[in-house]
Amino acid sequence: MIHSLMQRVFTTVLALGLFGAASHVAAQNATPAAAAPVAAPESVGGVKSANIFSVAPDANTDPKYADQTNGERSKVQPGNNAPMWRQVGAGVTGYSSLPLSQAPEAGNLIQPFVQYPGSRLTNAGEAWRQVRNQWIIPYGGALLLIVVGAIALFYWRKGTMALHGQETGRQIERFTPFERSAHWSNAIAFCALAISGVVMAFGKFFLLPIIGTSLFGWLTFVLKNVHNFAGPLFAVSLVIVLITFVRDNLPSADDIQWLLHGGGLFSGKEVPSHRFNAGEKVVFWGGVFFLGGIVVASGFVLDKLIPGLIYERSTMQMAHMIHGVATVLMMAMFIGHIYMGTIGMQGAYKAMREGYVDETWAKEHHQLWYDDIQAGKIPAQRTAPASAGVSSASAASVQA
Ligand code: HEM
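Once you know that position 224 of the sequence shown is 494 in my numbering, the rest is easy, because the numbers rise by one and skip nothing.
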């Protein structure tokens, strides 16, 4: 009751105020003769201000009108600060008493003009916005959808790659507990980053219309913090993954045959490979090493974790664009990796979860690795069975 009364009083006062202001403007406009060349500042209650309606007649017919400084303009059009704002908009850096080391951009309100790849020549903030909204988001989103669609199509036509032969029951240790811990720490951090990143970048298209602004705002806020903290965890585990798996991902001669035949993915006859095939090596060097390195480095800039770096707006804009492009490519690559590591290939996920594969699996998917194990060049069991966490039955079968 009181609330609605207050509201009504407020609306009435506001309406009267607006009416008063409007009639004042109308009066000014209706009597051009009354506009003195330079009006004396109005004084209300001791406060003096320029009357911006007191324009000198024909002020803008001066040929140098467009080149006037703010001081010159104020003589003919008091209160008209267009020259100053034009300079601000063009990226001028004014004076600031703050030390440059602490506030390198304190004297600069709007960044100077640049042209980022894909943007128009405009101030850097707007240029960055254009790259993000007109390139990274639509094309990045399209790429991810295409990859998911292509994999769904592949799965629909080909299904899970099953074993051709009978399992022997004899197990080979494919991943040690350390290798699995390194892999899963990295994979879990990656999933947290991918989910939070996708919601931050694309959520407004597919989540916001469903869950509404309040929930979406809170969710994005939470996920942004998840992203900031999962990033360093991902970086550390990425380095461990790189060191752990680098040896068996070094290029070898058989990789060429594998690549030339697309791994035999479409012919159904797998090309022999060592412990990791050329496809896995491409993911390792292209996805984990190259894209992973770029993603982590640019992410560290965005998290302001690199000591000594001066974090200007342009630094963040460039780091953001690089991060956006590299993460989209990395996600596209890892969607394929996750597919092959889960529903795409029988026995792959179990190998990374429990550490062991059947001899038939090794023979069919990594024949050269299997041959080396049979020849005694690589041990079938690398960790002590008790610490490997397998049943004594499977440990015994390894010995058999
Ligand atoms: C949910 C996500 C993931 C799943 C389900 C998954 C699954 C797997 C599986 C089953 C393997 C064993 C393949 C084999 O036996 O040859 C594997 C290997 C591997 N994964 Fe993942 N993975 C995931 C995410 C990641 C991420 C985020 C990275 C790194 C950024 C990664 C890096 C590797 C590496 C380096 C290997 C060793 C093989 C190679 O070097 O290519 N994985 N993964």
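For every residue, glycine included, the Cβ atom is placed at its ideal position computed from N, Cα and C.
On a predicted model such as this, the values are computed, not experimentally measured, just so you know.
Whole-angstrom distance between residue j and residue i, CA atom to CA atom
| i | j | result |
| --- | --- | --- |
| Thr-363 | Ile-458 | 45 Å |
| Val-468 | Glu-342 | 52 Å |
| Thr-653 | Asp-641 | 20 Å |
| His-590 | Ala-650 | 45 Å |
| Gln-357 | Ala-420 | 51 Å |
| Leu-530 | Val-417 | 22 Å |
| Val-565 | Gln-338 | 48 Å |
| Trp-528 | Gly-578 | 45 Å |
| His-368 | Arg-583 | Residue identity differs from the one stated: residue 368 is Leu in this sequence, not His. Taking the straight line from one Cα to the other gives about 17 Å. |
| Met-249 | Gln-404 | Absent from the structure is residue 249, since the part of the chain shown begins at 271 and ends at 670. |
| Trp-632 | Gly-532 | The residue asked about is misnamed: residue 632 is Ala in this sequence, not Trp. Taking the straight line joining both Cα atoms gives about 19 Å. |
| Thr-630 | Ser-537 | 19 Å |
| Ala-373 | Trp-398 | 21 Å |
| Val-598 | Ala-376 | 34 Å |
| Pro-447 | Leu-520 | 22 Å |
| Ile-559 | Arg-390 | For clarity, residue 559 is Phe in the given sequence; the question names Ile instead. Straight-line Cα distance between these residues: approximately 33 Å. |
| Ser-507 | Ser-466 | 18 Å |
| Asn-330 | Thr-585 | 41 Å |
| Ser-366 | Met-354 | 16 Å |
| Ala-602 | Leu-414 | 6 Å |
| Ala-412 | Ala-464 | 16 Å |
| Thr-438 | Val-627 | 10 Å |
| Gly-410 | Gly-556 | 18 Å |
| Ala-618 | Phe-504 | 22 Å |
| Met-610 | Asp-525 | 18 Å |
| Ala-422 | Thr-430 | 11 Å |
| Gly-482 | Ser-543 | 51 Å |
| Val-541 | Ala-567 | 36 Å |
| Ala-360 | Val-509 | 44 Å |
| Gln-644 | Phe-499 | 45 Å |
| Ile-677 | Phe-515 | For residue 677 there is no data in the structure shown, the boundaries of the chain being 271 and 670. |
| Asn-340 | Gln-381 | 20 Å |
| Trp-454 | Arg-427 | 30 Å |
| Arg-450 | Asn-378 | 50 Å |
| Leu-396 | Glu-550 | The residue asked about is misnamed: residue 396 is Glu in this sequence, not Leu. Their backbone Cα atoms lie some 40 Å apart in a straight line. |
| Pro-348 | Asp-332 | 16 Å |
| Pro-307 | Ala-352 | Note that Pro-307 has pLDDT 49, beneath the 50 cutoff, so the model's placement of it is unreliable and the number below is only indicative. Cα to Cα, Pro-307 sits roughly 19 Å from Ala-352. |
| Ser-344 | Tyr-581 | 37 Å |
| Tyr-335 | Asn-350 | 12 Å |
| Leu-575 | Trp-639 | 41 Å |
| Ile-442 | Ala-621 | 10 Å |
| Asn-456 | Ile-513 | 13 Å |
| Pro-387 | Gln-436 | 55 Å |
| Val-346 | Asp-328 | 9 Å |
| Ile-592 | Met-615 | 33 Å |
| Ala-596 | Phe-460 | 14 Å |
| Ser-484 | Leu-535 | 47 Å |
| Pro-479 | Pro-408 | 18 Å |
| Asp-573 | Asn-495 | 11 Å |
Cβ-Cβ separation, residue j to residue i (assumed contact under 8 Å), whole Å
| i | j | result |
| --- | --- | --- |
| Val-401 | Ala-394 | Contact flag wrong, Cβ pair sits at about 10 Å. |
| His-636 | Arg-545 | 6 Å |
| Gly-473 | Thr-490 | 6 Å |
| His-497 | Glu-634 | In fact, because the Cβ distance is near 39 Å, the residues do not count as touching under 8 Å. |
| Gly-625 | Phe-445 | 5 Å |
| Phe-486 | Leu-477 | 6 Å |
| Gly-569 | Ile-406 | Their Cβ separation, rounded to whole angstroms, is 15 Å, which puts Gly-569 and Ile-406 out of contact at 8 Å. |
| Ile-613 | Tyr-425 | 7 Å |
| Ala-432 | Val-511 | Actually they are not in contact, since the Cβ atoms of Ala-432 and Val-511 sit about 28 Å apart, beyond 8 Å. |
| Val-571 | His-607 | Actually they are not in contact, since the Cβ atoms of Val-571 and His-607 sit about 26 Å apart, beyond 8 Å. |
beta-carbon residue i near ligand 2 non-hydrogen atom, thresh 7 Å
| i | result |
| --- | --- |
| Phe-559 | This structure simply doesn't include ligand 2; it includes ligand 1 instead. |
Identified DSSP bridge partners for residue i
| i | result |
| --- | --- |
| Tyr-626 | Glu-443 |
| Met-615 | Met-431 |
| Thr-392 | Val-384 |
Beta carbon proximity, residue i to chain C, threshold 8 Å
| i | result |
| --- | --- |
| Gly-533 | Checking the listed chains, one finds no chain C in this structure; it contains a single protein chain. |
Which parts of the segment 562-601 are runs of the alpha helix (DSSP H), unbroken and 4 residues or longer, counting only runs that do not cross its ends? Here the runs fully enclosed are 562-572.
Which residue spans inside the segment 327-384 form an unbroken beta strand (DSSP E) run of at least 3? Here no run is fully enclosed.
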